[in-house]
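Chemist:
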Amino acid sequence: MKIISIVGARPNFIKIAPFIHEIEKYNAINTNKIEHLLVHTGQHYDDRMSKAFFNALNIPTADINLGIGSGSHAEQVGCTMIAFEKILLKEKTDWIVVVGDVNATLACSITAKKYHIKVCHIEAGLRSGDEKMPEEINRIVTDRLSDLLLVPDKLSGENLKKEGVHENRITFVGNIMIDTLEVNMARSAKLNIYNIINNNLLEKQAHHYKALEEYALITMHRPSNVDTKKILQPLIEFFSNEITKDIHLIWPIHPRTQNRLKEFGLWGNLLNNDKIILLHPIGYNEMIKLNMKARFILTDSGGLQEESCVLGTPCLTLRWNTERPITLLENGGTSILVGNNIDRIRKEYNYIKNVKICPERPELWDGNTAKRCVNAIVDYGK
Ligand code: UD1
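The working numbering puts the first residue of the sequence shown at -8, with every later residue one more than the last.
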């Protein structure tokens, strides 16, 4: 059997690592080998957004890099489809495996399906209900086309059934991100927070942080939060003027967010604020370490919501909806949806700043998801 797996953007790398390692384990003990090719569409290309993750997570260099880079959604999806079609015509494959919800996921599923190649989607069935999110469109279309839908939780399976997907196409495998977390937790725990800060500091802010006792962690990159000044400015003012009265903030900044902050004239003040520690995008283990020791997190990232849930870090999710409701406080997780309205954020912030760490593991978030994914593909149609 031959499989081509696709990755394009940072969160994909974290999800594909355990899958590739599981194929290696499968091939070590089975005579019927799986031939595997890894295709990187090149959507994320900076070393800190891509290569650092391949190195840290021991992902083999991609067999093929499509070099797509940045662009509008239509450009990214269109260019990926054109380039990926050539690969499919050359490399006859039985399956393509896509993960998550980025533009690479969508583009490659459509391309493969038109050549009657089976599509397996890892992390299927997530729905935010918000079609203004590019990721929601990517999820809906990818799931509609996929032959095998591997879901991280039962709620996602229910979403698919409501959309009319037959249950024999759905397999509940658990959350593959947590496989990566399990493998890396001990290594991450040993990292030193000052080294993480000093090795990743943006511009010159270094020496203030020797006495950092506690901190909160922020990440933010969604277009809905960062692409308009009217929304971004009050958020920045709340972080800078209110939260920093209580605690230091560590903020590894996504390139999109950094670009917008500069464009909107908000960068200088942020850089001059002693209580805000601005970092380059940081590596996987570094992020896990910062998450483990943070008093709380503010984020619009889906992956961080999930990792915070398992690590127990209280989390304010800077979104109005989530495709990961299993991570919410009301469902036993650690996250509270606060959107980007300052009054709402302030209210929940006043609550969350005193909440204790409380780890929670949804069903099958046990570190063995990749094995169930490989088995589901091998057993497909049997
Ligand atoms: C993408 C995913 C999003 C995911 C996020 C994680 C889609 C639709 N979105 O969003 O789901 O949560 O990745 O990071 O696929 N840039 C660089 N260097 C890079 C990559 C990007 O400087 O290596 C800059 C470019 O200016 C680019 C901007 O970041 O225009 C945004 O990158 P893009 O790939 O368009 O989407 P993300 O916002 O990263």
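Every residue gets a Cβ at the ideal spot worked out from N, C-alpha and C, and that includes glycine.
Val110 to Ile87, Cα distance in whole Å?
Modeler: 5 angstroms
Chemist: Just to confirm, are Asp37 and Pro246 a CB contact at a threshold of 8 angstroms?
Modeler: yes
Chemist: Please indicate yes or no: does the CB of Asp92 lie closer than 7 angstroms to some heavy atom of the ligand UD1?
Modeler: yes
Chemist: Since Thr360 is in the alpha helix (DSSP H), which residue starts that stretch and which ends it?
Modeler: Thr360 to Val369
Chemist: Work out the CA separation of Thr308 and Arg118 for me, nearest whole Å.
Modeler: Rounded to the nearest angstrom, the two C-alpha atoms are 16 angstroms apart.
Chemist: Compare the C-beta of Ile169 with all C-beta atoms of chain B and state if any pair is closer than 8 angstroms.
Modeler: Of the chains in the structure shown, none is chain B; there is only one protein chain.
Chemist: Whole beta strand (DSSP E) runs in the stretch 174 to 226 with 3 or more residues, listed along the chain?
Modeler: 206 to 210
Chemist: Could you give the C-beta distance for Leu261 and Leu269, rounded to a whole number, given that I count them as a contact under 8 angstroms?
Modeler: 7 angstroms
Chemist: How should Leu80 be labelled, buried or exposed, when 16 other C-beta atoms within 10 angstroms of its C-beta is the threshold for buried?
Modeler: exposed
Chemist: Assign Val369 to one of two classes, buried (16 or more other C-beta atoms within 10 Å of its C-beta) or exposed (fewer than that).
Modeler: exposed
Chemist: Going by C-alpha distance, which of Phe44, Thr313 and Ile241 is nearest Leu193?
Modeler: Ile241
Chemist: Alpha carbon to alpha carbon, what distance is there between Ile238 and Lys266?
Modeler: Roughly 7 angstroms separates the two Cα atoms.
Chemist: For His245, verify whether its CB is less than 7 angstroms away from any heavy atom of the ligand UD1.
Modeler: yes
Chemist: Please look up how many angstroms separate the CB atoms of Pro272 and Met(-8), rounded, as I've assumed it's under 8 angstroms.
Modeler: Actually they do not touch by this definition, with Cβ atoms about 36 angstroms apart.
Chemist: Let me check one thing: in DSSP terms, what residues is Val89 bridge-paired to?
Modeler: His112
Chemist: According to DSSP, simplified to helix, strand and coil, what is Lys338?
Modeler: The answer is helix: DSSP assigns Lys338 an H, G or I state.
Chemist: Going by C-alpha to C-alpha distance, which of Tyr371, Thr52 and Val217 sits closest to Gln249?
Modeler: Val217
Chemist: So what's Thr171 in DSSP terms, helix, strand or just coil?
Modeler: helix
Chemist: Can you give me the Cβ contacts of Leu208 inside the same chain, cut-off strictly under 7 angstroms, excluding the 5 residues immediately before and after it?
Modeler: Apart from sequence neighbours up to five positions away, the residues of its chain that approach Leu208 with a beta-carbon distance below 7 angstroms are Ile241, Leu281, Asn282, Ala285 and Ile288, ordered along the chain.
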